[in-house]
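Whatever position you read off the sequence shown (first residue = 1), add 17 for our numbering. For reference, the structure discussed in these notes is given below.
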Amino acid sequence: MDVKQRIETLKKQINRYDYEYHVLDAPTISDVAYDKLLRELIELEEAHPTLKSDDSPTQRIGGRVLEGFDKVDHTLPMFSLANAFNPGDLKAFDRRLKAVAPGATYIVERKLDGLAAALTYTQGKLTCAATRGNGVVGEDITHNVKTIRSVPMTLQKAVDIEVRGEIFMPKAAFLRLNEAREAAGEATFKNPRNAAAGSVRQLDSRIAADRTLDMVIYSLSERDEDATMTHQETLDHLRDLGFKTNDVVACDSIDAVIEACLEIESKRNDYPFDIDGAVVKVNERTLYKTIGYTAKSPKWAIAYKFQAEEALTRIEAILFQVGRTGQITPVAVLRPVDIQGSTVSRATLHNDGYIRDKDIRVGDDVLIRKAGDIIPEVVSVVLENRKAGVKPFEMISTCPKCHTPLTRSESEADLYCENPTCPAKRTEALIHFVSRRAMDIEGMGHRIVEMLYNEGYLASIPDIYRLKDHREALIRRAGFGEKSIDKLLKHIEKSKQNSLERLLFGLGIRYVGEKVAKVLAMHFGTLSDMIHSGVEELVAIDEVGEKIASSVVDYFADAHHRAMLEELAALGLNMKYTGKRPESGAFNGMVFVLTGKLDSMTRDEAKADIEARGGKVTGSVSQQTDVLIAGEDAGSKLAKAQSLGIDVWDETTFKQRLM
Ligand code: IVH
């Protein structure tokens, strides 16, 4: 077959698999087979650059960096919606509407909390994606939207259309992103909407590609006079073209609409993404022209906004947390209160500017809310309830732990304790070092670290590896049994073998999160090669920018840090990258399931062996599974694998493949 034809076939196949996975949520191909196709396409396109096209699925990987955003004129304005806050508002909407369009029926759908975007397809190919902007002119974000896997690059039919929908970040992806940013010492996003908006407004599309974004299409842009289908038929049509669309409820009375809105509201916490309301639309598109528009919004639709999830409580105290980087965060201690089914007793106050802007004081009654439905924050103070004599808030000027005078960050927003030996920073740094995603020392939680620190056994990272010299003393201490200390010491010893990226991440170098640590460890292979590198070499690495590079260089330039690393090496810590290398792993991209008992190794060991070779271990047998490793007494998983025709290896075969 000629190359051009092969490329076209691959593009079609990959697009189909992307659609099945990201839109239908029903994959029909294993990850390995998918990766193989994608790799083949990448290689063919690299070998034949003239055959590379803008609609290729390889474009989803990101990499286009723009100088600035182009402006895009919207052919039809992007309206917003009027709001209804209660059933009464919905009934009033119905009365107004029925006066001009007595035959109208309704569609109710979820109102996703993200940002609106318009997608243009020419001959079925995605040619432009734009933000709403001011409704008339938006910004070109095509490079970023192409990285969203549920957005088709090519439609099922070669049509010229424009569609509109909402780009959002699923809750799980938001939590993962913030966790990683926090670990890397970077500012976290306040809610999934801000995270999605921040990702779409990047000039470098690799950032969006890296963050899990999704998009649901809610309308087809067409002039009202051209409309022939109902809204529901339009959505069906859009789904057939390959788009991910919203679930809808058809209602033929306003009472049914109200019921549907309340039903969506009652389930709001169960959805994998944030919603901030429901949207009620007239189903008959042919009536839109008659019903008409206000300057800002259509009269044929309304947003039913949920009751704000707010609660009234009192601020009992304001505490100051010292983070690993020395950043001081004021935290409100609240009289416990229930919001959306969970008890809230703390709220972040961000920084002193935030507290002053809202004039928050200890003893105040405050309204609190779960921001983006996840992290509680103070909305406002109920000033009428303020008691006489309540004192204005005063920010601390010295560290609450070590009393060192605090300094302002460059942005002026945050205060920092710069004392390198501050006990709060030290314990936070130790807690980070042993944490699951860093050195993963089991049994060494927050409380144990603090206790060992307070008792004087643990002042620095190397002390962790000297705890074994204090075994007897630790046993004598109440609450530390012989068994538990031995277990802890065993886990500590085991962590010495960790691959370099865990150590690097654990050191808490600013801007070096889990991912960057891995990239660095893989690139340099050994710590000493890394210590001797300069900014130039570092920025040459993909994914490493100026900010990270100079932070790394500064870290290793510090004699204390180098001495500590020498100590760690002398204590026997591995300083090499021992993880898998892409392309060389024997099990690259393969999905394994383990079942039954293995004789010569534990399950964790088998799992580590597989992962070290690029494979993945999952819990249950499915179409996605490539190999089932069956030990003794394998049961139903074996039967299932056999029925699906999946490869089954016994322990001997597995061990041969490992060699
Ligand atoms: S229809 C004519 N449907 O809500 C207005 N909007 O306040 C067309 N939104 O800017 C909007 N989910 O970004 C519609 N299912 C949905 C929606 C939705 C979220 C957003 C949209 C719009 C804003 C209106």
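Built from N, CA and C at the ideal position, the CB exists for glycine as well. Model, not experiment: these values are computed from the prediction.
Within its chain, find whatever has a CB closer than 7 Å to the CB of Lys504; leave out the 5 residues flanking it on each side and keep chain order. Gly460
In three-state DSSP terms, what is Phe671? helix
Reference Ala430; option with closest CA among Ile372, Asp559, Gly309: Ile372
Helix, strand or coil for Thr26, going by three-state DSSP, please let me know. helix
According to the Cβ coordinates, are Val610 and Val638 closer than 8 Å? yes
Return yes when at least one heavy atom of the ligand IVH lies under 7 Å from the C-beta of Asn263, else no. yes
Do Lys597 and Gly542 have their CB atoms nearer than 8 Å? no
From the DSSP secondary-structure annotation, give me the bridge partner or partners of Arg127. Ala295
Can you say whether Ala441 is buried or exposed, counting buried as having 16 or more other CB atoms within 10 angstroms of its CB? buried
With distances taken from CA atoms, which of Ala658, Asp382, Pro104, Gly150 is nearest Val89? Gly150
How far does the alpha helix (DSSP H) with Ala213 in it extend, from its first residue to its last? 209-217
Look at the Cβ atom of Val529, then the Cβ atom of Leu517, and state whether they are nearer than 8 Å. no
Under 8 Å, with one C-beta from each stretch per pair, do the stretch 642-652 and the stretch 665-676 reach the 3-pair mark? yes
Sequence-distant residues of its chain with Cβ nearer than 6 Å to Ser362 (five each side left out): Leu351, Pro353
When we look at the beta-carbon of Val82 and count the other beta-carbons within 10 Å, is it buried (16 or more) or exposed? exposed
In chain order, which beta strand (DSSP E) runs of at least 3 residues are fully inside the stretch 134-162? 142-148, 154-156
For Asn2, the nearest candidate out of Glu326, Ile271, Gln324 (CA to CA): With the chain running from 18 to 676 in the structure shown, residue 2 is simply not present.
Cut-off 6 Å between Cβ atoms - residues of its own chain near Ser397, not counting five sequence neighbours on either side: Leu384
Taking its Cβ as the centre, do 16 or more other Cβ atoms sit within 10 Å of His577, making it buried, or is it exposed? exposed
Note down the Cα distance separating Leu172 from Ile78, rounded to an integer number of angstroms. 19 Å
Less than 7 Å between the CB of Pro315 and some heavy atom of the ligand IVH, yes or no? yes
Can we say the stretch 184-200 touches the stretch 240-248, given the rule of at least three CB pairs closer than 8 Å? no
Given 8 Å as the limit, is there contact between the stretch 124-135 and the stretch 212-221, that is, 3 or more CB pairs closer than that? yes
Which of the three DSSP states, helix, strand or coil, is assigned to Asn605? coil
In the structure shown, what three-state DSSP assignment does Phe573 receive? helix
Beta-carbon separation (whole angstroms), Glu531 vs Ala204, contact threshold 8 Å: No, Glu531 and Ala204 are not in contact; Cβ-Cβ is about 17 Å, not under 8 Å.
Find out if the Cβ-Cβ distance for the pair Val117, Val297 is shorter than 8 Å. no
Which first and last residues belong to the beta strand (DSSP E) in which Thr438 is found? Unbroken run through Thr438: none, as it is neither H nor E.
For Val399, count neighbouring Cβ atoms within 10 angstroms of its own Cβ and tell me buried if that reaches 16, exposed if not. exposed
Residues bridged to Asp376 (per DSSP): Looking at the DSSP assignment, Asp376 forms no beta bridge with any residue, so it has no partner.
Can the beta-carbon of Asn591 be found closer than 8 Å to that of Gln514? yes
Can you name the start and end residues of the alpha helix (DSSP H) that Met547 belongs to? 544-548
Buried or exposed, going by whether 16 or more other CB atoms sit within 10 Å of the CB of Val20? exposed
Going by DSSP, what residue range makes up the beta strand (DSSP E) through Arg363? 359-365
Segment contact flag, the stretch 101-110 with the stretch 34-53, C-beta cutoff 8 Å, min 3 pairs: no
Roughly how many angstroms lie between the CA atoms of Asn195 and Phe206, to the nearest whole one? 7 Å
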